[in-house]
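Asker:
Numbering (my numbering), first residue to last: 1151 to 1269.
Here it is, written out as structure tokens:
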């Protein structure tokens, strides 16, 4: 575990052979989770990466394969309504990028290939 200078937990998880292993969570000073991710094999990140608002609600999530975003990246507002989604491949946008209003209704849709918008 790692701690802030003021004593609150900053980050926690397990080690294997002095390397991060399994699920790790970092925290805001108020004790709420900031980021959650999974480590394996010498700091490689695999699994669902999640980031949270300081108030505790899920902000965004995306599958990660070998330290790269790979799959649907989703972002939510503080009321757990989807406000953004895009497909990521090798840390690049590929496919649909969609913005939603605060009620979850689609308002903008774009297409991407290798991080470049198709017009």
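Built from N, CA and C at the ideal position, the CB exists for glycine as well. Since this is a predicted model, take the numbers as computed values, not measurements.
Who are residue 1202's beta bridge partners in DSSP?
Answerer: Mapped onto the chain shown, residue 1202 falls at position 52. According to DSSP, which records beta bridges pairwise, residue 1202 is partnered with 1208.
Asker: Would you tell me roughly how many angstroms separate the C-alpha atoms of residue 1151 and residue 1254, rounded to the nearest one?
Answerer: Position 1 of the chain shown, counted from the first residue, corresponds to residue 1151. Position 104 of the chain shown, counted from the first residue, corresponds to residue 1254. Roughly 38 Å separates the two Cα atoms.
Asker: Give me the Cα-Cα distance between residue 1181 and residue 1238, rounded to the nearest whole angstrom.
Answerer: Here residue 1181 corresponds to residue number 31 of the chain shown, with the count starting at 1. Here residue 1238 corresponds to residue number 88 of the chain shown, with the count starting at 1. One C-alpha to the other measures close to 30 Å.
Asker: Exposed or buried, what is residue 1202 when buried is set at 16 or more other beta-carbons lying within 10 Å of its beta-carbon?
Answerer: In the chain shown, residue 1202 corresponds to position 52, counting from 1. When all chains shown are included, residue 1202 counts as buried.
Asker: Name the DSSP beta bridge partners of residue 1172, please?
Answerer: Numbered from 1 along the chain shown, position 22 holds the residue referred to as residue 1172. Its beta-bridge partners are 1189.
Asker: What did DSSP end up calling residue 1246 once you bin it into helix, strand or coil?
Answerer: Here residue 1246 refers to the residue found at position 96 of the chain shown. Residue state, collapsed to three classes: strand.
Asker: Report the rounded CA-to-CA distance for residue 1185 versus residue 1264, giving the unit in angstroms.
Answerer: As a working note, residue 1185 is residue 35 in the chain shown. As a working note, residue 1264 is residue 114 in the chain shown. About 26 Å.
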